[in-house]
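Q:
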Amino acid sequence: MSRNTVDRLLGLPDPPQYVRPPKGSQLDPFADRIAALLASDPTVRAPVIRA
């Protein structure tokens, strides 16, 4: 790490905050269909939902 970077960071009143943007799930596009399947039959298992 550069000496300039260390000096700059030590001069800050608070440590820098790095916030990642929230990331969606791969299932988000299918959430409505999955909810409908579970509403019609709550005992349905994951392999059936996947098919």
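According to our numbering, the stretch in the sequence shown is residues 4 to 54, in order.
By construction, the Cβ of each residue, glycine as well, lies at the ideal position given by its N, Cα and C atoms.
(1) Could you give the distance in angstroms between the alpha-carbon of asparagine 7 and the alpha-carbon of glutamine 20?
(2) Starting from proline 50 and walking both ways along the alpha helix (DSSP H), at which residues does that stretch end?
(3) Suppose you measure from the CA of serine 5 to the CA of proline 16; what does that come to, to the nearest Å?
A: Let me lay it out:
(1) For the purposes of this step, residue 7 is identified with residue 4 of the sequence shown, where counting begins at 1. For the purposes of this step, residue 20 is identified with residue 17 of the sequence shown, where counting begins at 1. Taking the straight line joining both Cα atoms gives about 19 angstroms.
(2) Numbered from 1 along the sequence shown, position 47 holds the residue referred to as residue 50. Its alpha helix (DSSP H) spans residues 49-53.
(3) Taking the first residue of the sequence shown as 1, we reach residue 5 at position 2. Taking the first residue of the sequence shown as 1, we reach residue 16 at position 13. Each residue's alpha carbon lies about 19 angstroms from the other.
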